[in-house]
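The next block holds one structure in the form of structure tokens; read it before the comments.
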Amino acid sequence: MSHTLHLPPRTRKPRGQGASRRGEILEAATRLFLDEGIAHATMRRIAAAVGVSPTALYVYFPDKDAILQAIAEAWFAELLSSLEASQRDHDSVADRFRAGLRAYVDFGLARPDGYRLTFLNKATTRVGCDDIPAADHSFAILQRGVEDMIAAGAFRQTCSECAAEAIWACLHGVTALLMDQAPHVETPPAALIDHVIDMIVVGHR
């Protein structure tokens with residue numbers, strides 16, 4: 373999928389706006405990483421897009437890996453919040469499990485830039501999800517859901533970690549497909565997601 377870069381000129385902000393500036397850096401870096409590729413999006417280009425000097429940029433981040441890590445951390449923190457919210461207000465184990473699966477796909481499609489940088493870009497493999505607590509907690513919700521389904525007799529006895537990873541592979545597949553190949557899919561997105569979730573649940577009985 374192509375991205376067209378349109379970066380408006382930035383003006384320098386006064387000191388004392390660190391949190392706001394950090395967010396601007398992450399936003400600009402995300403656009404540059406996706407539009408130009410991580411290898412070509414230099415720290416100097418990122419600084420120019422934000423409207424700060426390269427020296428000022430290094431005050432916030434020592435290198436591009438640190439920026440990628442911060443992008444992933446922020447994305448996973450939002451994902452975790454969405455997954456936790458999906459587990460509330462469901463009395464049924466099965467309903468809670470399905471809600472979590474749906475929340476993952478919906479969140480990925482709603483935050484495609486972060487998803488692409490986190491999961492669909494080879495250059496980001498040097499930023500490990502294992503170093504991000506929110507990523508571990510997000511997977512733990514899925515694995516715990518599998519364990520709850522096994523305990524409730526809705527799933528056959530199996531390795532919960534293996535099953536959770538297989539389920540994540542299915543969710544990742546449909547998310548990536550709808551994100552970048554939706555014009556080639558005849559089934560309405562909502563129906564396709566529901567069908568994938570049905571296949572996951574039935575396939576583990």
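Under my numbering, the first residue of the sequence shown carries the number 373, and numbering increases by one thereafter. The beta carbon of each residue, even a glycine, is placed where N, CA and C say it ideally should be.
Top-ranked residue by Cα proximity to residue i, from the options
i: G480; options: G409, G545 and E558; result: G545
i: L398; options: D485, E558, A554 and P560; result: D485
i: A526; options: F405, D467 and G423; result: D467
i: I569; options: T427, F469, Q515 and R483; result: F469
Backbone CA spacing between residue i and residue j [nearest angstrom]
i: I504; j: F511; result: 11 Å
i: A562; j: I443; result: 28 Å
i: R577; j: I539; result: 13 Å
i: A421; j: I513; result: 37 Å
i: D430; j: E537; result: One detail in the question is off: residue 430 reads as Tyr in this sequence, not Asp. Rounded to the nearest angstrom, the two C-alpha atoms are 37 Å apart.
i: F433; j: R528; result: 47 Å
Proximal residues to residue i (C-beta, below 7 Å), its chain only, five neighbours per side dropped
i: R454; result: First, the amino acid is wrong: residue 454 is Ser here, not Arg. Same-chain partners within the cutoff: A475 and F479.
i: M373; result: Confidence at M373 is low in this model, with a pLDDT of 45, below 50, so the placement of that residue should be treated as unreliable; the coordinate-derived value is given next. The residues are D552.
i: V477; result: L543, V546, T547 and I565
i: F491; result: H544
Assigned exposure category for residue i - 16 Cβ within 10 Å defines buried
i: A401; result: buried
i: R393; result: buried
i: A438; result: exposed
i: S458; result: buried
i: V574; result: exposed
i: G409; result: exposed
Beta-carbon separation (whole angstroms), residue i vs residue j, contact threshold 8 Å
i: A471; j: A506; result: That pair is no contact at about 19 Å.
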